[in-house]
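To start, the structure under review is shown below, and the notes come after it.
If you want it as structure tokens, here you go:
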């Protein structure tokens, strides 16, 4: 069995990670840390795990060596404390933003702080298997992508890979997200009278995930760039990306189908969703709750060269914990679907 | 069980649509990939065309 520990396991991504690893046939979860909840059973904040485990949270100071260490800490903490974690494990997988960007200059620009250990940034592989599977196989440091960024990247990757975009025009991306993407800590924005029924623009510009989108799609230094906006909607889980791009050539919808098939036909968690009729014609995050699937769809504007791309995923799964477990499986030489075979619920 | 003996290209998404040998002209088949309902317009050689579909429009 592979001994796994979760650092920062009281949040939503940490809880989802614990749920996945408890059902993983090749993993034994040895420790879950929380500074605030040390000594309490993990099911005190993850009630879905009642009678699944008798693990209690331990403080970080009591962390022991493990075969793999998953970090699910708030942004900024993993970078500050990385020296404490590295000696404890041969394989470290960080779910925060702290090691996603390769260029240290991205942190003051997009996060507002200087990176505390910039020399380590190039040790980490961005853990999106659809883009970096071979690097993941040989990496000892992995950094899972941001939820909105993952959805945007997976939606547009087949197009940037094939270099079919008209780069004289911006790539415009709108992301709608459920409330769990905001984390388990409450604040004014999560107060029920405000949050309930809400459709609120919270980052019309300058969303932090823009940096990852630019990096992973290879759009660095190109102008016009990526125009990304984020909106909170009435859902707990789920992300729906709607991206507007312009094609440099007059590709037909069949041509676009071929590009998406070329990128994703053999990907176990990617599905091209584009049906001509009915109510399930395009990606819908609702049916992906709890699954590691990412559904992508598109439609060619018949009146212009605009292509509208839609991507749906569960922000806590393919957008966080599921992505991390998929990368862990690949790195560990396991079937990458192990522990991730839930198909979802319908209706839900 | 339908025995698949041939395929034809989906006019919507270019996927290979599986067809039975005894498929008949006018028959409606469905593309497994894009879900499009397709009419068998010709059988020799097989030609598929999009069957009419309903539009969805919530705009007012």
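Chains as they are written, first to last, in this note's numbering: chain A, 770 to 1117; chain B, 51 to 110.
Note that beta-carbon positions come from the ideal geometry of N, C-alpha and C, so glycine has one too.
This one's a predicted model, so the numbers in the text were calculated from it and none came from an experiment.
Quiz item: Measuring CB to CB, does residue 888(A) end up less than 8 Å from residue 864(A)?
Solution: no
Quiz item: Along the chain, where does the beta strand (DSSP E) that runs through residue 1076(A) open and close?
Solution: 1075 to 1082
Quiz item: Would a check of beta-carbon distances place residue 76(B) closer than 8 Å to chain D?
Solution: Looking at the structure shown, chain D is missing, and the protein chains on hand are A and B.
Quiz item: Looking at chain A, which residues of the stretch 60 to 94 of chain B have a Cβ within less than 9 Å of any of its Cβ atoms?
Solution: 60, 61, 62, 63, 64, 65, 81, 83, 84, 85, 86 and 87
Self-check item: Within chain B, the residues that residue 1055(A) reaches when beta carbons sit closer than 7 Å
Solution: The contacting residues do not exist; residue 1055(A) stays about 17 Å from chain B at best.
Quiz item: Taking one C-beta from the stretch 870 to 880 of chain A and one from the stretch 974 to 983 of chain A each time, how about it: are there three or more such pairs within less than 8 Å?
Solution: yes
Quiz item: Nearest-angstrom Cα distance between residue 1044(A) and residue 63(B)?
Solution: 10 Å
Quiz item: Buried or exposed: which applies to residue 1117(A), given that a residue is buried once 16 or more other Cβ atoms fall within 10 Å of its Cβ?
Solution: exposed
Quiz item: Pick from 970(A), 792(A), 958(A) and 1046(A): whose alpha carbon is nearest that of residue 1000(A)?
Solution: 970(A)
Quiz prompt | Sufficient close CB pairs (3 or more, under 8 Å) joining the stretch 931 to 948 of chain A to the stretch 996 to 1015 of chain A | solution = yes
Quiz item: Across which residues does DSSP place residue 983(A) in a beta bridge pair?
Solution: Bridge partners of residue 983(A): none, in fact.
Quiz item: Does the pairing of the stretch 791 to 803 of chain A with the stretch 817 to 825 of chain A give three or more beta-carbon distances under 8 Å?
Solution: yes
Quiz item: Is the number of C-beta pairs between the stretch 1016 to 1028 of chain A and the stretch 959 to 968 of chain A that are closer than 8 Å three or more?
Solution: no
Quiz item: Which ranges does the beta strand (DSSP E) cover as unbroken runs of at least 3 residues, wholly within the stretch 774 to 812 of chain A, from first to last along the chain?
Solution: 796 to 802
Self-check item: Cutoff 8 Å: residue 945(A) Cβ touching any chain B Cβ
Solution: no
Self-check item: C-beta contact flag for residue 855(A) and residue 925(A) at 8 Å
Solution: no
Self-check item: 7 Å Cβ cut-off: residues of chain B touching residue 1026(A)
Solution: 63 and 64
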